[in-house]
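Chemist: I'd like to ask you about the structure that follows.
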Amino acid sequence: MADLAGVNGQREEFRVVGKPNLPGVLSYAMATGMAKFGLDHVLPGMLHAKFLRSPYAHARIISVDTSKARALDGVVDILTWEDEDIKNLVSYGEHWGPVRAWLDNTADQEGAEVGVIVVAESEDICEEALRLLDVKWEVLPHVVNIMEGRKEDAFVIRPYDRHTPTFGRPDPNAPPQPPKKGNVAYSNVCWGDIEEGFKQADYIAEVKMYIPAFASHFPNPPGSVAWWTKDPYKGDAEILHIEGAVRERIPISKMYNVPLENVVQESLFMGGKYCDWGLRRAQEITPLLAKRTGRPVRCVNTREETFDFAMKQRFVHLRVGFTKEGLITAIDDHSVVDGGVYGSSSFGTVGDQKHGPYNSVKCKNIRQCWEIVDSNRGMMYVSGQHSPFNWDCITVVNQLIAEKLGKDVIEVARLNLHGPTAKDDPNPVPSFERCVEAGKKLMNWQWHPARTKRLPDGRWHGMSFRYQICPRHSVSGYMCKLEYRDGAVVLPTQGPVFGAYMVEAVAMVVAEEVGINYEDLKILYDYREPFSPVGGGSDGSTASAWAMKECANILKREILKAAIEYADSMPNFAFMPLQSNPPPEPGPFKGLKPEDLDIKDSMIYVKADPSKAVHISRATPKPLVATYMGRPPLSSWLTGGGHVFDCMNTLYCEVAVDEETGEVEILRFGAVVDPGKILRRTSLESQVDQAMFFSQGCQLFEDYVFDERTGVRLNANMIDYKKPTMKDVPLVERDFIESRNGNAAYGATGISHSMANTHLVITAIYNAIGVWVDPPATPDKVLKALGKA
Amino acid sequence: MINEENAGKGAVNAVPVAKSPFTHASTSAQAAAAIGAIPPVLTEFNCPLCNKLYYSIGDLTKHYEECHPGRVVPRIVVLHINGKDCEVLVEPHWTLKRTLQFRLGLTGAKHMCDRGVCGSCTVIIDGRPVLSCTTLTVECEGKSITTVEGIAADPKWKPLIDAYCRWDAMQCGYCTPGFVVSAKALLDRNPHPTEEEIKEALSGNICICGTYPRHAQAIMEAALKMSAEG
Chain A
1 MADLAGVNGQ REEFRVVGKP NLPGVLSYAM ATGMAKFGLD HVLPGMLHAK
51 FLRSPYAHAR IISVDTSKAR ALDGVVDILT WEDEDIKNLV SYGEHWGPVR
101 AWLDNTADQE GAEVGVIVVA ESEDICEEAL RLLDVKWEVL PHVVNIMEGR
151 KEDAFVIRPY DRHTPTFGRP DPNAPPQPPK KGNVAYSNVC WGDIEEGFKQ
201 ADYIAEVKMY IPAFASHFPN PPGSVAWWTK DPYKGDAEIL HIEGAVRERI
251 PISKMYNVPL ENVVQESLFM GGKYCDWGLR RAQEITPLLA KRTGRPVRCV
301 NTREETFDFA MKQRFVHLRV GFTKEGLITA IDDHSVVDGG VYGSSSFGTV
351 GDQKHGPYNS VKCKNIRQCW EIVDSNRGMM YVSGQHSPFN WDCITVVNQL
401 IAEKLGKDVI EVARLNLHGP TAKDDPNPVP SFERCVEAGK KLMNWQWHPA
451 RTKRLPDGRW HGMSFRYQIC PRHSVSGYMC KLEYRDGAVV LPTQGPVFGA
501 YMVEAVAMVV AEEVGINYED LKILYDYREP FSPVGGGSDG STASAWAMKE
551 CANILKREIL KAAIEYADSM PNFAFMPLQS NPPPEPGPFK GLKPEDLDIK
601 DSMIYVKADP SKAVHISRAT PKPLVATYMG RPPLSSWLTG GGHVFDCMNT
651 LYCEVAVDEE TGEVEILRFG AVVDPGKILR RTSLESQVDQ AMFFSQGCQL
701 FEDYVFDERT GVRLNANMID YKKPTMKDVP LVERDFIESR NGNAAYGATG
751 ISHSMANTHL VITAIYNAIG VWVDPPATPD KVLKALGKA
Chain B
790 MINEENAGKG AVNAVPVAKS PFTHASTSAQ AAAAIGAIPP VLTEFNCPLC
840 NKLYYSIGDL TKHYEECHPG RVVPRIVVLH INGKDCEVLV EPHWTLKRTL
890 QFRLGLTGAK HMCDRGVCGS CTVIIDGRPV LSCTTLTVEC EGKSITTVEG
940 IAADPKWKPL IDAYCRWDAM QCGYCTPGFV VSAKALLDRN PHPTEEEIKE
990 ALSGNICICG TYPRHAQAIM EAALKMSAEG
């Protein structure tokens, strides 16, 4: 806990870090439209490619006649799954599911790429050619309703796949899982004695929770543009240029057996990712097509083809036993969860059981029996809005207990939250206590039981509370390099540049530690550079900033040493470069030692006499390099198995429900968050807002709608699948606690995933009207729950 | 107090320090260069169906008659974009979004929804914000089109760009140009919008990164500054 291991981890004065309204180095590029994303690339003679997409939820191509399509003007190439070039393709992207053929003749969801790829002069021609294919389909039974798919007599959609999903190292002490049956694999986790726990209970409550699937919906549709060139400086070696598959040079290099140094990727802007790291086929195929055609090729998914899950559908049957004081004695979680199509990641299923919410409560009698159902609903990539959602089982449990006993839900949560070190730790969690204290003040918190408070306009008032640990995943190490050259401090990085502005937070730490003004730091984006701030989710900005903090201090020492060395070398220094600026006049540092100097506001000065100073640009003409490789100590989230709490966050919601119309209005969200230490304030605030707007969307608007008869998704577009707009979103009131308890830079930790939730609004609705409504709580569902429809 | 003035007296030959390529001045210059690179008159005519190159529209038309009979011949449309007239060769069904990217190299308008829902491709046509993904290029002839590049290149709008950056009204940055264009269209017709008016005007732009509250802050700050600057 806390940044005790790093240089200046306990720094108290900050000039740059945490400063508001500091434009990012990349802000101007984004605001002016000059930021170039991969798909913006247009090259002379560029071709376009499109995949055949399945109109069926589950089908096999028996045969395909491509002759009419090949005869169409403008069609340049057509490949099928039977071509050797396709058979030889292997993906090295992050899929984290069972390995599957890169492309074959089986479609396991409507809209899946299957069987054929067309390359043509334009996308229009590709589409026309796809319509001219004579495809013989064998339509197979499908499962899009997982409650039907789990039944014993359901059609088994993947008889060849009998594996049980795992995540990470299996627990050697865990009993073996039951074998897969039909479409259902099992993942059961049991702690303590569940039956004994229920015997100790004064009350047993049950609730059926529904967690809808949720679209990841990153703004920039995935795809790529690729072309091959020869570099006169590299002999006969071919250079592969690929734009759009950002951060994926390594898997692309492996896939096409091209040395990494010969894979070029200039555009590092990658748009929103929201931790969806799955590499799509459109991002992988273009190098092959460009090689075959000898021309640049662009392949980009449409929006409709980009509606992958960020969250799997899950039905939860929760039973909870508790005492008359509100102490939980047993939790029984029986979940039926969508396993997705073949190759889906286990991240959103068994991965969530390991670090779930039940680790946070004192109760030791817990059973999680999960049925993971194969389906034809959609692909689940390695996607990030998963585990935090499951904390809402605890959100709901606390609400149930509070309503039953007439106790403030925050008190129920506090009673059941174990201490900061372990389940047996009786002490309060300091970060939780500080968040709650601030939260109550922020929200003017006055809890009331369900259906007891009306607003002046007659609508029911509801309120809810939720907490979670702020996680840092600790999975990444960092290779840092900083330079001093041409009078500037330079941070070279491969980026990438997405979502959370990770590099900017790192840059602020570098400026802080070297002692320069933020605007005097130059960030150099270059795909060849080793430093990337990406880590396991929140590691990105906080842990990489920790490593860069070490590197910055090394560079600072080098600069001070060099400034003295340069001063000492005069007037003997006779170097006069032929083709560059004359060297700067050295600072008044002759005969001093590095410890006599310091840097502040970009000025190197003599500590004993601050009037003796020069701007850092005049330190030395000598180029300097500092490197550091490492990472901060492992986080408590990882080492403590989810049982050790350092930084927490608490969320609050107030709603108004109109029982005549069924309309729900979120009056306001409250977010009191302890990120340990704020690095880049505006990014942090937007991350909080984003999580809350995600929460609003998935609880009031968003869900996939399937036609169960055909298995077709009916709303995979931005008209029918509604995302909140500026007029929809409620006020988010925020307050930040800087406990310095995280162990990344200056005690920071991450917050990004931990506030996204499925039931904060839903529990507030329950508090308003006294009945549960499944998300998304559309007016018709609210009225139905109230018995009015 | 240490500052450049009192530090290291007598030192006159300081080295110019390299700055980030992404400042207002540099991005504005990049935008101006992108506009400047658009040729006013077409001199090359690639066949959209087979990529053969011709040097007149007449030769291309003849090629269609000979090699692609029955197919619709592309036509030359004169567009007035960011204050500049330019010819583009398009097929009748081409959207303005497509023309901007694939004919003119203007990539500030972004493809997100591709059906008029998200606002990422917003441009201003004759003073009104318009979705370029659902506007046919052939309909734009004779109209005045402003893209984000035109706004970025115009010093008048520096306060708006500055305010967007100062308030960090962006995260991934993909949808941001669409918001900036909508904001400019709003300020053109309403130099002092209220927060509610801003929400109304920008409700057709979708951001998934949680930046909504920041746009109003940025636009109101820009409005004040532009008003003060006259």
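For the record, the sequence lines run as chains A and B.
Going by our numbering, the first sequence opens with residue 1, and the numbers climb by one from there.
Going by our numbering, the second sequence opens with residue 790, and the numbers climb by one from there.
Glycine included, every Cβ here is placed at the ideal spot set by N, Cα and C.
Checking contacts by CB at 8 Å: is residue 121 (chain A) closer than that to chain B?
Modeler: True, the Cβ-Cβ gap to chain B drops below 8 Å.
Chemist: Under 7 Å Cβ to Cβ from residue 625 (chain A), same chain only, skipping five residues before and after it: list those, please.
Modeler: Only 481, 483 meet the Cβ criterion.
Chemist: Nearest CA to the CA of residue 751 (chain A): which residue from A:706, A:705, A:690?
Modeler: Ranking the options by Cα distance to residue 751 (chain A), first place goes to A:690.
Chemist: Show which residues of chain B have a CB atom less than 8 Å away from the CB atom of residue 727 (chain A).
Modeler: Per Cβ cutoff of 8 Å: 988, 989, 992.
Chemist: My assumption, with CB atoms under 8 Å, is that residue 219 (chain A) sits in contact with residue 271 (chain A). Please give the rounded CB distance.
Modeler: That pair is a contact at about 5 Å.
Chemist: Quick one: what does DSSP say residue 480 (chain A) is sitting in, helix, strand or coil?
Modeler: DSSP places residue 480 (chain A) in strand when its eight states are reduced to three.
Chemist: Residue 26 (chain A) touches chain B at which residues, Cβ-Cβ below 8 Å?
Modeler: Chain B residues near residue 26 (chain A): 811, 962.
Chemist: Residue range of the beta strand (DSSP E) that residue 664 (chain A) falls in?
Modeler: Note, residue 664 (chain A): beta strand (DSSP E), 664-673.
Chemist: If we define contact as Cβ-Cβ less than 8 Å, is residue 32 (chain A) a contact residue for chain B?
Modeler: Closer than 8 Å: yes.
Chemist: If you draw a straight line from the alpha carbon of residue 87 (chain A) to that of residue 975 (chain B), how long is it in whole angstroms?
Modeler: Rounded to the nearest angstrom, the two C-alpha atoms are 54 Å apart.
Chemist: Please classify residue 41 (chain A) as buried or exposed, where buried requires at least 16 neighbouring CB atoms within 10 angstroms.
Modeler: Buried, because 16 or more other Cβ atoms sit within 10 Å of the Cβ of residue 41 (chain A).
Chemist: Please state whether DSSP places residue 392 (chain A) in a helix, a strand or coil.
Modeler: Helix, per DSSP.
Chemist: Tell me the DSSP secondary structure of residue 256 (chain A) in three-state form.
Modeler: In this structure, residue 256 (chain A) counts as coil in the three-state DSSP scheme.
Chemist: Give me the Cα-Cα distance between residue 640 (chain A) and residue 421 (chain A), rounded to the nearest whole angstrom.
Modeler: If I take the Cα positions, the gap works out to 8 Å.
Chemist: Applying the 10 Å Cβ sphere with the 16-neighbour rule, what's the burial state of residue 313 (chain A)?
Modeler: Residue 313 (chain A) should be labelled buried.
Chemist: In the DSSP assignment, find the alpha helix (DSSP H) that holds residue 694 (chain A) and state where it starts and stops.
Modeler: Start and end: 681-696.
Chemist: What whole-angstrom Cβ distance do residue 135 (chain A) and residue 61 (chain A) have, given they're in contact under 8 Å?
Modeler: With 8 Å as the limit, residue 135 (chain A) and residue 61 (chain A) qualify as a contact, their Cβ atoms being about 6 Å apart.
Chemist: Using a Cβ-Cβ cutoff of less than 8 Å, which residues in the same chain neighbour residue 152 (chain A) once the five nearest sequence positions on both sides are dropped?
Modeler: Result list for residue 152 (chain A): 181, 182, in chain order.
Chemist: With 16 as the cutoff for other CB atoms within 10 Å, does residue 882 (chain B) come out buried or exposed?
Modeler: Exposed, since its Cβ has fewer than 16 Cβ neighbours within 10 Å.
Chemist: For the beta strand (DSSP E) containing residue 241 (chain A), name the first residue and the last one.
Modeler: Segment 238-243, the beta strand (DSSP E) holding residue 241 (chain A).
Chemist: Along chain A, which residues have their Cβ under 9 Å away from the Cβ of residue 820 (chain B)?
Modeler: Simply 32, 33, 34.
Chemist: Hey, is residue 718 (chain A)'s beta-carbon within less than 8 Å of any beta-carbon in chain C?
Modeler: Here the protein chains are A and B, and chain C is not one of them.
Chemist: Count the C-beta pairs between the stretch 192-210 of chain A and the stretch 309-328 of chain A that are closer than 8 Å, then say yes if the count reaches three, no if not.
Modeler: At 8 Å Cβ cutoff, the stretches touch.
Chemist: Is the CB of residue 948 (chain B) under 8 Å away from at least one CB in chain A?
Modeler: It does not; no Cβ of chain A falls within 8 Å.
Chemist: Enumerate, from N- to C-terminal direction, the unbroken alpha helix (DSSP H) stretches of 4 or more residues contained entirely within the stretch 249-311 of chain A.
Modeler: Counting only runs of 4 or more, we get 249-255, 281-284, 286-293.
Chemist: Please confirm whether residue 759 (chain A) has its beta-carbon closer than 8 Å to some beta-carbon of chain B.
Modeler: Answer no: the Cβ-Cβ gap between residue 759 (chain A) and chain B never drops below 8 Å.
Chemist: Return no unless some Cβ of chain A is closer than 8 Å to the Cβ of residue 983 (chain B).
Modeler: No, because no Cβ of chain A sits closer than 8 Å to the Cβ of residue 983 (chain B).
Chemist: Taking 8 Å as the CB-CB limit, is residue 609 (chain A) close to chain B?
Modeler: No, because no Cβ of chain B sits closer than 8 Å to the Cβ of residue 609 (chain A).
Chemist: For chain A, check one thing: does any of its Cβ atoms lie closer than 8 Å to the Cβ of residue 791 (chain B)?
Modeler: For residue 791 (chain B), the predicted structure reports a pLDDT of 41, less than 50, and the residue's modelled location is therefore unreliable. The matter cannot be settled from this model.
Chemist: Taking Cβ-Cβ distances shorter than 8 Å, what residues in chain A pair up with residue 897 (chain B)?
Modeler: By Cβ distance, chain A contributes 32, 33, 34.
Chemist: Mapping DSSP to helix, strand and coil, what is residue 1006 (chain B)?
Modeler: Helix at residue 1006 (chain B).
Chemist: Do the CB positions of residue 610 (chain A) and residue 743 (chain A) come within less than 8 Å of each other?
Modeler: No.
Chemist: Less than 7 Å between C-beta atoms, sequence neighbours within five positions excluded: which residues of the same chain meet that for residue 224 (chain A)?
Modeler: Excluding sequence neighbours, residue 224 (chain A) sits near 38, 242, 243, 244, 245, 282, 283, 286, 299.
Chemist: Taking the CB atoms as reference points, tell me whether residue 903 (chain B) and residue 929 (chain B) lie closer together than 8 Å.
Modeler: Taking 8 Å as the Cβ cut-off, residue 903 (chain B) and residue 929 (chain B) do not qualify as a contacting pair.
Chemist: Let me see if you follow: with CB-CB separation under 8 Å, is residue 971 (chain B) close to chain A or not?
Modeler: Answer no: the Cβ-Cβ gap between residue 971 (chain B) and chain A never drops below 8 Å.
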